[in-house]
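Single-structure report; data block below.
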Amino acid sequence: MPSEPVEPLAPRWHTALLIGLILAVAVTGIVLARSGAALVQPSAHGRILGAYVPLLVATVGLTLYACLVARPRGTLRALLGRGWDSVARAGTDLVLAAGVGLVVEAAEAVAAAGRNGAVGALLPHTGAEKAAWMLVAVTVGFCEEVVYRGYLQTQLAAFTGRASVAVALQAVLFGVAHAEQGPAVAVRFAVYGLLFGALARWRRSLVPGIVAHVGIDLASGLLVSAAVQS
51 MPSEPVEPLA PRWHTALLIG LILAVAVTGI VLARSGAALV QPSAHGRILG
101 AYVPLLVATV GLTLYACLVA RPRGTLRALL GRGWDSVARA GTDLVLAAGV
151 GLVVEAAEAV AAAGRNGAVG ALLPHTGAEK AAWMLVAVTV GFCEEVVYRG
201 YLQTQLAAFT GRASVAVALQ AVLFGVAHAE QGPAVAVRFA VYGLLFGALA
251 RWRRSLVPGI VAHVGIDLAS GLLVSAAVQS
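Right, dumping it as C-alpha cells:
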C-alpha cells in the first residue's frame, strides 16, 4: 500500500459509485432478510445457488469494478502492496495473520450463543456445500480485503488526508455490507474491519489480512458447521 501522503487511485466519482454499489447490495440483502426470503432450500443445490453463488457474484463484481473499470493495468498488484520478499517478512505476516484469526474466532465463539438464522443459513452442511464453501472462503477473503482495505482505505485516506479516518470509514462500510445478518453482526464486522485496516496500514500490505480472512472464513464455514451439526 502506498506511503503517506496518499495519492488517489481514481476520481471521486469512481469511489462514490463503488460505495453506492456496496450500499445497494447491503440494502437488497436487508430487504430480502426482512421479507423472509429463503436463502436456503432443503437440498445442497438450493443453498449453493441461493446463497453462495449470489455472494460470489456480488463480491467478485465489486472487486472487478475496483480493479478494472476505468483503472490502469497493474491496479490489483499495486493494491496488494508489499509481498513476501524475505523469509522473515513471510514469517511475521503469518504470525500476525494467525493472531488476528484467533482474536476474531474468539470473538465469534463468544457471540455464537446468539447466532441468528441469517448467519446459520450460510453454514454448509453437505459435502457439496462444504466444497463450494471452500471456494467462497478463498474468493471472498481475497476480494473483500482488496475492496475494503486496499481500494477504499487508500482512496478515503487520499480524500480525507487522514489514514485513521480512512481506516474507520472503510470499517463502517464493511460492517454495513454484512448488515443483512443483523445489527450485532454488522457491529462485530465493523470492529473486525478496524483490525484488518490497521494491520494493512501497518504492514503496507494486504497479504497478512488476506491470509487471516481466508482462514477465518474457512474455519467459520467448516469447523463451526461441524460443531453445530454434532
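Note that the numbering used here has the sequence shown beginning at 51, numbered continuously upward. Yeah, the Cβ is synthetic: ideal placement off N, Cα and C, and Gly gets one too. Predicted model only: the values in this text are computed from it and were never measured.
### Query
Excluding the five sequence neighbours on either side, which residues of its own chain have a C-beta within less than 6 Å of the C-beta of residue 244, listed in chain order?
221
### Query
Mind checking residue 91: buried by the 16 CB within 10 Å criterion, or exposed?
In this prediction, residue 91 scores a pLDDT of 44, lower than 50, which makes its location untrustworthy; no coordinate-derived value is stated.
### Task
Could you tell me the distance, in whole angstroms, from the CA atom of residue 143 to the CA atom of residue 85?
42 Å
### Cβ-Cβ separation, residue 249 to residue 265 (assumed contact under 8 Å), whole Å
Actually they do not touch by this definition, with Cβ atoms about 13 Å apart.
### Message
So the candidates are 271, 211, 224; which of them puts its Cα closest to the Cα of residue 177?
### Response
271
### Query
Can you tell which of 238, 242, 201 has the C-alpha that lies nearest to the C-alpha of residue 65?
201
### Message
I'd like to confirm the pairing. Which residues does DSSP put opposite residue 214 in its beta bridges?
### Response
According to DSSP, residue 214 bridges with nothing at all.
### Presumed contact (8 Å Cβ cut-off) between residue 255 and residue 130, rounded CB distance
7 Å
### Message
Buried or exposed, going by whether 16 or more other CB atoms sit within 10 Å of the CB of residue 78?
### Response
exposed
### Euclidean distance between Cα positions of residue 224 and residue 203
11 Å
### residue 266: first and last residue of the uninterrupted alpha helix (DSSP H) it sits in
257–268
### Task
Taking only runs that begin and end inside the stretch 143–208, name each unbroken alpha helix (DSSP H) of 4 or more residues, in chain order.
167–172, 177–194
### Message
Below 8 Å on the Cβ atoms is my contact criterion, and I expect residue 262 with residue 147 to pass it. Report the Cβ-Cβ distance as a whole number of Å.
### Response
4 Å
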